[in-house]
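Each remark here refers to the structure printed beneath this line.
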Amino acid sequence: MATRTTDTATNQSVERAVSVLRALDSGRAELRVSDIADLTGLGPSTASRLLSTLERLDMVERDPVSNLYRLSLGTLSLGATAVNRHPVHRAARTVVQELAARTGLGANVAVRRGHVLMFLCNFEGPRAPRSYTQAGHTMPLHATGIGKCLLSGLAPEERRRLLPEPLEAHTEFTLTRHEQLDEEIARVHRTGYAVEAEERALGRVSLAAPVRDASGDIVAAVSLWGAASVLGTRVDGEAPDPLVREVVEAADAVSQALGAV
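Under the numbering used here, the first residue of the sequence shown carries the number 1267, and numbering increases by one thereafter.
Following this line, the structure appears as structure tokens:
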């Protein structure tokens, strides 16, 4: 009984420490102890003790002037190791980098993590708007071209369980009903690529194509993105053929590196 109680307490401590680290990855560069307590639901004294421990372990650092906390560079090696050892990242990094260089646009590769997509790498060509996308950042599946490709590997009932209606609207063009999303997924199956026209952010559009592994499953997707005026994709879903070919061929190259036939 004593061992079970000890294990439970240890598990709770680990969960609380992870919640603190995730709070520090919530969007703001630096946080007060009270901010972290609010975000995690922990008491201020508990949050403070956990921050002190994480600081000793070089997972967080405190600004000596403001006393605000931020993630430490000590977390960088862990994140870099995780992404660099991911098979999709290894297969896609050079392909996506060259895609951005050839087209001058932004190029990404992402995988699905539950109900969101997570970027593994992002490169920007000279014609791409400034982006704050980084490896590890997440975005909604239903409002992005890359997300539609990832969703195309799921059955309609799986998509409905994963993303309850109404789907969150980010702009006036976002798809908010599964019937609309079903039509987009059918287009991905028919054409081999997805279009996102200002559904996530006004003025930005993207083209994406799915990546398959050796079993034929969709495990990732590659996208090209840029300003609507530069990329030329319109809200009606039409896209310039050369860029479609670029993104589809890039996704195929990654698939082949993963063993797809």
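Built from N, CA and C at the ideal position, the CB exists for glycine as well.
Quantities reported herein were computed from a predicted structural model and do not represent experimental measurements.
Name the one or two DSSP bridge partners that residue i has.
i: Leu1337; result: Val1326
i: Gly1492; result: Val1471
i: Phe1389; result: Ala1373
i: Ile1484; result: Arg1478
i: Leu1383; result: Arg1378 and Met1405
Quick check on this structure: which residue in the options has the alpha carbon closest to the alpha carbon of residue i?
i: Glu1450; options: Leu1334, Arg1427, Ile1412 and Glu1434; result: Ile1412
i: Thr1534; options: Ser1279, Ala1452 and Ala1394; result: The structure shown does not extend to residue 1534, since the chain spans only 1267 to 1527, so no value can be given for it.
i: Pro1531; options: Tyr1459, Gly1469, Ala1480 and Arg1470; result: Only positions 1267 to 1527 of the chain appear in the structure, and residue 1531 is not among them; the question remains open.
i: Arg1466; options: Ser1285, Ser1300 and Phe1439; result: Phe1439
i: Thr1306; options: Ala1463, Leu1290 and Arg1294; result: Leu1290
i: Gln1400; options: Thr1360, His1381, Pro1476 and Gly1345; result: Gly1345
i: Asp1479; options: Arg1378, Pro1353 and Glu1424; result: Pro1353
i: Ala1475; options: Leu1468, His1455, Thr1360 and Glu1464; result: His1455
i: Ala1421; options: Cys1387, Val1477 and Ile1484; result: Ile1484
i: Thr1404; options: Arg1396, Glu1424 and Val1375; result: Val1375
i: Ser1332; options: Val1299, Thr1341 and Leu1342; result: Val1299
i: Val1488; options: Gly1293, Leu1433, Ser1481 and Val1477; result: Val1477
i: Thr1341; options: Ala1409, Leu1287 and Glu1464; result: Leu1287
i: Asp1518; options: Gly1372, Arg1426, Gln1446 and Ala1357; result: Ala1357
i: Leu1334; options: Gly1402, Leu1297, Ser1343 and His1408; result: Leu1297
Rounded to the nearest angstrom, what separates residue i and residue j at their Cα positions?
i: Arg1336; j: Thr1319; result: 14 Å
i: Ala1366; j: Glu1390; result: 6 Å
i: Val1520; j: Gln1363; result: 12 Å
i: Met1384; j: Pro1406; result: 9 Å
i: Val1510; j: Arg1453; result: 14 Å
i: Leu1416; j: Arg1393; result: 26 Å
i: Leu1317; j: Glu1327; result: 9 Å
i: Val1284; j: Ser1495; result: 42 Å
i: Arg1359; j: Leu1441; result: 30 Å
i: Arg1500; j: Arg1443; result: With a pLDDT of only 47 at Arg1500, under the threshold of 50, the placement of this residue in the model should not be trusted, and no figure is reported.
i: Glu1281; j: Gly1370; result: 43 Å
i: Ala1295; j: Ala1303; result: 16 Å
i: Arg1315; j: Glu1423; result: 44 Å
i: Val1527; j: Gly1482; result: 8 Å
i: Leu1308; j: Asp1301; result: 10 Å
i: Ala1435; j: Arg1378; result: 20 Å
Between which two residues does the alpha helix (DSSP H) harbouring residue i extend?
i: Gly1345; result: Leu1342 to Asn1350
i: Thr1306; result: Val1299 to Thr1306
i: Ala1401; result: Note, Ala1401: premise wrong, no alpha helix (DSSP H); not H, not E.
i: Glu1423; result: Pro1422 to Leu1428
i: Thr1457; result: His1444 to Thr1457
i: Val1520; result: Asp1507 to Ala1523
i: Gly1413; result: Gly1411 to Leu1417
Between which two residues does the beta strand (DSSP E) containing residue i stretch?
i: Thr1404; result: Thr1404 to Pro1406
i: Val1461; result: Ala1460 to Ala1463
Tell me whether residue i, by its Cβ, gets closer than 7 Å to a heavy atom of the ligand ATP.
i: Ala1460; result: Because no ligand of any kind appears in the structure shown, any question about the ligand ATP cannot be addressed here.
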